[in-house]
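Chains as they are written, first to last, in our numbering: chain F, 1454 to 1600; chain P, 1454 to 1600; chain V, 6 to 123; chain B, 6 to 123. Just so it is clear, CB atoms sit at the ideal spot from N, CA and C, and this is done for glycine as well. Given the structure is predicted, the values throughout are model-derived calculations rather than measurements. In what follows, a single structure is set out as structure tokens and then discussed.
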Ligand SMILES: Nc1ncnc2c1ncn2[C@@H]1O[C@H](COP(=O)(O)OP(=O)(O)O)[C@@H](O)[C@H]1O
Ligand SMILES: Nc1ncnc2c1ncn2[C@@H]1O[C@H](COP(=O)(O)OP(=O)(O)O)[C@@H](O)[C@H]1O
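Next comes the structure, spelled out in structure tokens:
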């Protein structure tokens, strides 16, 4: 079985002061799946990476809207989509390589690698000049038969 | 001066399991104004009352979307708008009376009274069959010259 | 939200931990009713000191519990209410009908124990 | 995010408390640089035990700090890294270039102190 049980979306300006808001909001929503502290941290980390990318790369010289939506499924899966209407990515395969970055010294090029290793699945879709959409899923294991 | 410095909105299904998400998300956003723990709690409480009203009253027999948006201003004000497309309120003045409720035994009729006393200002607009919009503002005092 | 209870000298203490909003209220009411059925002849103390959040849903939870306990001829009392939750009870005026105490009343036995322990 | 530092026998310990993401990274870098300027002739220990969250922004913060300290001819070491932050450092491979220790190394003086205290 894999049917949707809940959903939400948040929309906010690409200011770095909103990064904490975004990861905490997703964590508060994901809490319904009764995750462990480590699972919640994995989700916060992945969301933080994806949202930071929108702020730092997609809207590098400008400010725009970022949308984060999340769905919960009855098998304990959470699916998170982070979307921007920024500059887009020319070569996604290259962008996903560990250590590849077009950012400044503050960027390590490890964002996608960390999203991949902290979540179960990562899909990146992007079109130059249109925007980028990052979809991440993670299955939260049932505990004490709570589901 | 009173100009907007940041904004966000969240949209979610009218399930009671989303109440905690809504108040925590607003609290995470409001944290940027460096509020005291008490101020954050006031905001969480007011949001909780307004969102519960959408779930319990607006979409009493159904499920619908609830939107919570928030704006921050440079004088430390936060303005929160909670919106539903539910049944609406026939008589707003009556609805705002302490202890007035059309709900079951679990409702005390104190929701609007608490929103009023925990926030600085409360405005309710509603049309039967169209929906309800609750606007609440609160000024967060500057501390240690952080603003 | 977690509910628990334990027997003290003065009666049964029921404790709520975490956030109490509309979503959690049903669970609290159920736990209260179950526990009162288990101990129908004991005074009930509702300990709210573990609440990290409460909205107006808490009002009906407390009033309902008091109605049941008094109906069974026992005494009912709320203890350890955090200041923010207290503001909600105060706004609602139920403080005129429900007894709120800072902590469990010290029973004579306990005072003795304390003396011996010293 | 809060930054603080104090002098220990073994050198200067700089401590980060709270969440470290991209937004907070600039503040951390600034604090590190300011503190290194104050103590240019001391070994630097970066204590991450107070971090409740860290994303990949922490990698560049640590690498930049190490570059500056080593450049000034001093030693640099990260201590108390929480397990979740450690997973990020491990994924990035910087553990091969930066020294991570569970806690401050015990200096001989301190061992003496401990003995005397006993
Ligand atoms: N939302 C986005 N919009 C545009 N470019 C992006 C976006 N996300 C990632 N990129 C590109 O992919 C590269 C690699 O991203 P990532 O692995 O997260 O590392 P980092 O953010 O440290 O550069 C970025 O440097 C950037 O060129
Ligand atoms: N969003 C809403 N949609 C429809 N009716 C509402 C809404 N919010 C409040 N009401 C009406 O106003 C009354 C008073 O609300 P409130 O003061 O919050 O107390 P309570 O929620 O305990 O009933 C409710 O009982 C309901 O009839």
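How is the alpha helix (DSSP H) around residue i delimited, first residue to last?
i: residue 63(B); result: 62-76
i: residue 59(V); result: No alpha helix (DSSP H) contains residue 59(V), which is instead part of the beta strand (DSSP E) from 49-59.
Does ligand 1 have even one heavy atom less than 8 Å from the beta-carbon of residue i?
i: residue 10(B); result: no
i: residue 28(B); result: no
i: residue 1502(F); result: yes
i: residue 63(B); result: no
i: residue 1510(F); result: yes
i: residue 21(V); result: no
i: residue 1506(F); result: yes
i: residue 1566(F); result: yes
i: residue 1579(F); result: yes
If you reduce the DSSP assignment to three classes, tell me which class residue i lands in.
i: residue 1457(F); result: strand
i: residue 1540(F); result: coil
i: residue 1583(P); result: coil
i: residue 1549(F); result: coil
i: residue 16(B); result: strand
i: residue 108(B); result: coil
i: residue 120(B); result: A caution first: residue 120(B) carries a pLDDT of 40, below 50, which makes its placement in the model too unreliable to give a value.
i: residue 1589(F); result: strand
i: residue 1469(P); result: helix
i: residue 23(B); result: strand
i: residue 44(B); result: coil
i: residue 1594(F); result: coil
i: residue 1505(P); result: helix
i: residue 1566(F); result: helix
i: residue 1576(P); result: strand
i: residue 83(V); result: strand
i: residue 97(B); result: helix
i: residue 1560(P); result: coil
i: residue 1532(F); result: strand
Under 9 Å between the Cβ atoms of residue i and residue j?
i: residue 1511(F); j: residue 1467(F); result: yes
i: residue 63(V); j: residue 22(V); result: no
i: residue 2(B); j: residue 99(B); result: With chain B covering 6 to 123 only, the question about residue 2(B) has no answer from this structure.
i: residue 1537(F); j: residue 1455(F); result: no
i: residue 1513(F); j: residue 1523(F); result: no
i: residue 1508(P); j: residue 1463(F); result: no
i: residue 1571(F); j: residue 1525(F); result: no
i: residue 1474(P); j: residue 1478(F); result: yes
i: residue 1543(P); j: residue 1581(P); result: yes
i: residue 1584(F); j: residue 1505(F); result: no
i: residue 1534(P); j: residue 1587(P); result: yes
i: residue 67(B); j: residue 48(B); result: no
i: residue 58(B); j: residue 82(B); result: no
i: residue 110(V); j: residue 77(V); result: no
i: residue 1518(F); j: residue 1465(F); result: yes
i: residue 5(B); j: residue 30(B); result: Nothing can be reported for residue 5(B), as the shown portion of chain B is limited to 6 through 123.
i: residue 1497(F); j: residue 1484(F); result: no
i: residue 6(B); j: residue 25(B); result: yes
i: residue 1594(P); j: residue 1539(P); result: no
i: residue 27(B); j: residue 60(B); result: yes
i: residue 1551(F); j: residue 97(B); result: yes
i: residue 94(V); j: residue 104(V); result: no
Got a sec: does ligand 2 put a non-hydrogen atom nearer than 8 Å to the Cβ of residue i?
i: residue 1582(P); result: no
i: residue 1587(P); result: yes
i: residue 1560(P); result: yes
i: residue 1548(P); result: yes
i: residue 1553(P); result: yes
i: residue 1539(P); result: yes
Residue range of the beta strand (DSSP E) that residue i falls in?
i: residue 1512(P); result: Premise fails: residue 1512(P) is in no beta strand (DSSP E) and is neither H nor E.
i: residue 1554(F); result: From DSSP, residue 1554(F) is part of no beta strand (DSSP E); its letter is neither H nor E.
i: residue 1523(F); result: 1518-1526
Residues within the region 1544-1577 of chain F neighbouring chain B, beta-carbon criterion of under 7 Å: Using a CB distance below 7 Å, the part of the region 1544-1577 of chain F facing chain B consists of 1558, 1559, 1560, 1561, 1563, 1564, 1566, 1567, 1570, ordered along the chain.
Residues of the region 1506-1520 of chain P whose Cβ lies closer than 9 Å to any Cβ of chain V, in chain order: Taking 9 Å as the Cβ-Cβ cut-off, the region 1506-1520 of chain P approaches chain V at 1508, 1509, given in chain order.
Positions along the region 1489-1500 of chain P whose CB lies within less than 9 Å of some CB in chain F: Correct list: empty, as no residue qualifies.
Residues from the region 1575-1595 of chain F in contact with chain P, defined by Cβ distance under 8 Å: If the cut-off is 8 Å between Cβ atoms, the region 1575-1595 of chain F has nothing near chain P.
Members of the region 1456-1475 of chain P that neighbour chain F once the beta carbon cut-off is set at 9 Å: Within the region 1456-1475 of chain P, the residues whose Cβ lies closer than 9 Å to some Cβ of chain F are 1458, 1459, 1460, 1461, 1462, 1463, 1464, 1465, 1466, 1468, 1470, 1471, 1473, 1474, 1475, listed in chain order.
Residues from the region 78-96 of chain V in contact with chain P, defined by Cβ distance under 9 Å: Residues of the region 78-96 of chain V with a C-beta atom less than 9 Å from some C-beta of chain P are 88, 89, 92, 93, 96, listed in chain order.
The region 16-35 of chain V: positions lying closer than 8 Å to chain P by Cβ: Under the 8 Å Cβ criterion, the region 16-35 of chain V contributes 24, 26, 27, 28, 30, 31, 34.
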